[in-house]
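K.L.:
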Amino acid sequence: MESFVYTANPGRVIFGSGTISRLGEEADRLGAKRLLVLSTPEQESQAQDISAHLGARVVGIFSNATMHTPTNVTADAMKLVDALQADAVVAIGGGSTTGLGKAIAYRTDLPQIVVPTTYAGSEATPILGETEGGRKVTKSDSRILPEVIVYDVDLTLSLPVLMSATSGINAIAHAVEALYAREANPIISMMALEGIAAIARALPQIKENPGDTAARSDALYGAWLCGICLGSVGMALHHKLCHTLGGMFNLPHAAMHTTVLPHAVAYNASAAPAAMAALGRALGVADPARGLFDLSKRLGATMSLKDLGMPDGSVGAAVEQAMSNAYWNPRTPESEGLTELLGRAFRGDAPEKI
Ligand code: NAD
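Numbering (our numbering), first residue to last: 90 to 443.
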């Protein structure tokens with residue numbers, strides 16, 4: 090065994106079916122009496138239903154959570170936090186709603202209960218990406234890490250098949266980059282491989298039958314493990330490219346991750362052979378880049394950044410921005426290779442070793 094450093098993030102996790110019935114108990118454990126519930130506009134009625142489990146502890150619902158956590162939306166939510174004298178937040182939804190809860194906690198240190206309904210994994214990380222003036226800035230802070238996660242598999246049954254697929258591959262991307270991270274360690278790699286295998290097994294079953302609770306349960310369990318990976322070790326080229334593309338072109342987060350991942354894996358393959366061999370075993374394929382591409386296609390995902398809204402002729406500018414800040418990657422990023430990588434992802438080509 091090689092030497093390593095492992096830092097665990099604290100957190101309490103309630104996992105199962107029907108677990109939202111335990112929300113009141115969890116609020117009481119935190120000593121919270123004045124809860125502000127958060128959701129997107131699309132999930133407002135779901136948030137209202139779930140709030141019933143919290144009874145009179147709920148002092149308000151803010152249902153305007155928005156993708157990429159714009160600071161003006163956080164400012165609106167903060168006015169409500171102050172006016173209602175909220176003493177905790179409950180975020181019900183995907184990464185966008187979790188992001189708003191984290192942004193409030195970063196400003197107030199209020200405790201957070203997160204009830205995730207996608208596979209984004211943000212609930213398990215001390216990371217917050219906020220957008221202001223078209224620029225997304227990431228911060229990491231112990232105040233940002235949610236105190237309690239209540240995973241209720243029943244809430245994921247309504248996640249549409251295509252969103253389930255891309256959200257699941259978004260989770261896999263966290264684990265893939267953890268395998269070859271600079272801070273990679275055996276504990277996180279174990280979680281990464283378990284998470285990848287659980288999600289890769291579950292997604293085709295979910296496509297076949299979106300109401301398959303055993304498959305939904307595997308996917309949610311895998312998403313949690315992949316979220317821990319994201320929150321524990323540094324990410325590399327894939328996340329950097331997606332951060333750049335998301336900021337520049339406002340592409341849909343999970344779908345963009347799904348399109349880029351096979352190409353980032355192909356790019357890094359030669360520099361991380363042990364990670365790639367382990368990834369191949371977890372996916373049950375010889376070539377992990379091709380395996381991820383084929384899996385995503387089979388699930389019905391769009392594999393072209395152009396189809397996701399990236400403008401023609403913009404690959405060069407994206408490469409320039411991705412190259413502008415140095416970051417660690419197992420293979421040193423260079424313009425020519427990244428141009429080839431993004432060109433393939435733009436067109437929807439299969440991944441090739443570059
Ligand atoms: P999302 O939260 O934006 O959700 C997409 C849409 O699906 C929303 O309209 C939402 O209301 C709806 N939805 C969610 N769950 C549903 C369900 N079960 N049934 C029906 N509809 C449902 O999407 P996301 O991919 O979960 O999150 C993306 C955001 O999360 C991005 O802003 C990304 O940057 C952030 N993120 C942050 C981290 C982190 O650690 N900081 C990690 C992953 C993602």
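Think of the CB as a built atom: it goes at the ideal place given N, C-alpha and C, for glycine as much as any other residue.
Can you tell me whether residue 202 is helix, strand or coil according to DSSP?
P.N.:
Residue 202: strand per DSSP, three-state reduction.
K.L.:
What's the gap between the Cα of residue 141 and the Cα of residue 247?
P.N.:
Those two C-alpha atoms are separated by around 19 Å.
K.L.:
Terminal residues of the continuous beta strand (DSSP E) containing residue 241?
P.N.:
Start and end: 237-241.
K.L.:
Give the straight-line distance between the Cα atoms of residue 287 and residue 149, rounded to the nearest whole angstrom.
P.N.:
Looking at the two C-alpha atoms, the distance is approximately 37 Å.
K.L.:
Would the C-beta of residue 140 count as close to the ligand NAD, meaning under 7 Å from any of its heavy atoms?
P.N.:
No, the beta carbon of residue 140 sits no closer than 7 Å to any heavy atom of the ligand NAD.
K.L.:
Pick out whichever of 198, 262, 324 and 295 has its Cα sitting closest to the Cα of residue 250.
P.N.:
Of 198, 262, 324 and 295, the residue nearest in Cα terms is 295.
K.L.:
Does the beta carbon of residue 424 fall short of 7 Å from some heavy atom of the ligand NAD?
P.N.:
Not under cutoff, so the answer is no.
K.L.:
Measure the alpha-carbon distance for residue 408 versus residue 158 and round it to whole angstroms.
P.N.:
Using only the alpha carbons, I get a separation of about 24 Å.
K.L.:
Using a beta-carbon distance below 8 Å, is residue 240 in contact with chain B?
P.N.:
In summary, chain B is missing from the structure at hand, where a single protein chain is found.
K.L.:
Which residues does DSSP pair with residue 180 in a beta bridge?
P.N.:
BP columns for residue 180 point to 127 and 203.
K.L.:
For a test of the three-state rule: what should DSSP assign to residue 191, helix, strand or coil?
P.N.:
Looking at residue 191 - three-state DSSP - the assignment turns out to be helix.
K.L.:
Starting from residue 229, follow the beta strand (DSSP E) in both directions and report where the run begins and ends.
P.N.:
Residues 224-229.
K.L.:
On the CB-based measure, 16 or more other CB atoms within 10 Å of its CB, does residue 99 come out buried or exposed?
P.N.:
Exposed.
K.L.:
With 16 other CB atoms within 10 Å as the buried threshold, where does residue 333 fall?
P.N.:
Residue 333 comes out buried.
K.L.:
Sorted by chain position, which residues of the same chain lie with C-beta nearer than 6 Å to residue 200's C-beta, five sequence neighbours on each side aside?
P.N.:
Only 119, 177 and 236 meet the Cβ criterion.
K.L.:
I need the straight-line Cα distance from residue 436 to residue 347, nearest angstrom please.
P.N.:
Straight-line Cα distance between these residues: approximately 14 Å.
K.L.:
Following the continuous alpha helix (DSSP H) through residue 370, name the residue where it begins and the one where it ends.
P.N.:
Unbroken alpha helix (DSSP H) run through residue 370: 362-372.
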